[in-house]
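In my numbering, the protein residues as written are 56 to 308.
Note that beta-carbon positions come from the ideal geometry of N, C-alpha and C, so glycine has one too.
None of these values were measured; they are calculated from a predicted model.
Below is one structure, written out as structure tokens; comments come after it.
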Amino acid sequence: MTNLTGKVALVTGAEVGIGRATAVALAERGADVAVHYYSAETGPSGVVNDIAALGRRALAFQADLTRREEVARTVCAAEAAFGRVDILVNNAGGLLGRYPLVDMSEEFFHKVMDVNVLTTFLCCQAVVPGMIARGSGAIVNLTSLAAHNGGGPGASVYAAAKAAVLTLTKAWARELAPHGIRVNAVSPGLIGGTPFHSTFTKPEVFEGIVKTIPLGRAGAPEDVARVIAFLAGEDSGYLAGETVEVNGGMFTR
Numbered sequence: 056m057t058n059l060t061g062k063v064a065l066v067t068g069a070e071v072g073i074g075r076a077t078a079v080a081l082a083e084r085g086a087d088v089a090v091h092y093y094s095a096e097t098g099p100s101g102v103v104n105d106i107a108a109l110g111r112r113a114l115a116f117q118a119d120l121t122r123r124e125e126v127a128r129t130v131c132a133a134e135a136a137f138g139r140v141d142i143l144v145n146n147a148g149g150l151l152g153r154y155p156l157v158d159m160s161e162e163f164f165h166k167v168m169d170v171n172v173l174t175t176f177l178c179c180q181a182v183v184p185g186m187i188a189r190g191s192g193a194i195v196n197l198t199s200l201a202a203h204n205g206g207g208p209g210a211s212v213y214a215a216a217k218a219a220v221l222t223l224t225k226a227w228a229r230e231l232a233p234h235g236i237r238v239n240a241v242s243p244g245l246i247g248g249t250p251f252h253s254t255f256t257k258p259e260v261f262e263g264i265v266k267t268i269p270l271g272r273a274g275a276p277e278d279v280a281r282v283i284a285f286l287a288g289e290d291s292g293y294l295a296g297e298t299v300e301v302n303g304g305m306f307t308r
């Protein structure tokens, strides 16, 4: 298991699903975790308690990550509480809705781009100066299988947003590697136990997709979290600009 003892991680969208599983996985490996959440309805208390039960420190920060000032406030608060941020996991994002091209509003287009791409940009921009000053850091971005295949019905803009994240990962990896900062991405396929599919995919459609997966099952948030934890630690110390596909064999390169 990757050893992250003494490291501090900031995980965005950490209250549920892949984000929550990632925050716990990092804590299991020794990291203290700054838990970002957006919705007071779901709240961070569960994941904070899980991390505390592992003997690690956890603090929760609520913010709208599409707003630069709220990102800056969150990162400053995390650095003040923990001393630094060694690991950034850009998990916040989402589909938001399914609309065919002819029915999609310009407002919806920009909202999807903001939630998935702008948040990643703003969080990286806020955290990277500290990483440069220390000469080390690890950033893991969340893209999607949709970035490769265009997404399911009505998910074209989500797919484009995740493709943008994938490309930014490659560009920033080259830019930041000389500073000792590794930037990689994880690309989940069909993952159960998350708000994504429970909200936007009918159960019968979900089960139909499961039947096409070579490994014979949908992924779990923990499947993705373990890969993120690997990319966050020194066991992946020679990986930069990579996108790891976590999809049970649905897509291979």
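Who are the Cβ neighbours of residue i in its own chain at under 8 Å, not counting the five residues just before and after it?
i	result
residue 281	80
residue 63	86, 87, 88, 89, 133, 137, 138, 139, 140, 141 and 142
residue 249	71, 72, 73 and 276
residue 251	72, 149 and 150
residue 145	67, 174, 175, 178, 179, 194, 195, 196, 197 and 220
Residues in its own chain within less than 6 Å of residue i by CB, not counting five upstream and five downstream?
i	result
residue 148	170 and 171
residue 65	89, 133, 140 and 143
residue 181	126, 127 and 130
residue 305	244 and 268
residue 247	273
residue 264	245
residue 212	164 and 167
Under DSSP, the alpha helix (DSSP H) around residue i begins and ends at which residues?
i	result
residue 146	Premise fails: residue 146 is in no alpha helix (DSSP H) and is neither H nor E.
residue 213	211–231
residue 127	123–137
residue 204	201–204
residue 76	72–83
residue 166	161–168
Would you kindly check if the distance between the Cβ of residue j and the Cβ of residue i is under 8 Å?
i	j	result
residue 121	residue 173	yes
residue 284	residue 84	yes
residue 164	residue 152	no
residue 345	residue 286	This structure does not reach residue 345, given that the chain is present from 56 up to 308, and the question cannot be answered.
residue 240	residue 298	yes
residue 175	residue 238	no
residue 77	residue 178	no
residue 168	residue 218	no
residue 192	residue 236	yes
residue 242	residue 270	no
residue 234	residue 185	no
residue 209	residue 258	no
residue 288	residue 59	yes
residue 231	residue 183	yes
residue 135	residue 113	no
Could you give the residue range of the beta strand (DSSP E) that holds residue i?
i	result
residue 240	236–243
With which residues is residue i paired in a DSSP beta bridge?
i	result
residue 90	66 and 115
residue 300	242
residue 194	143 and 238
residue 274	246
Starting from the C-beta of residue i, find all residues in its chain whose C-beta is less than 7 Å away, skip the five residues before and the five after it, and write them out in chain order.
i	result
residue 115	90, 92, 99 and 103
residue 56	84
residue 301	241, 242, 243, 244, 274, 278, 279 and 282
Helix, strand or coil, according to DSSP, for residue i in the structure here?
i	result
residue 189	helix
residue 100	helix
residue 264	helix
residue 258	helix
residue 109	coil
residue 175	helix
residue 281	helix
residue 295	coil
residue 306	coil
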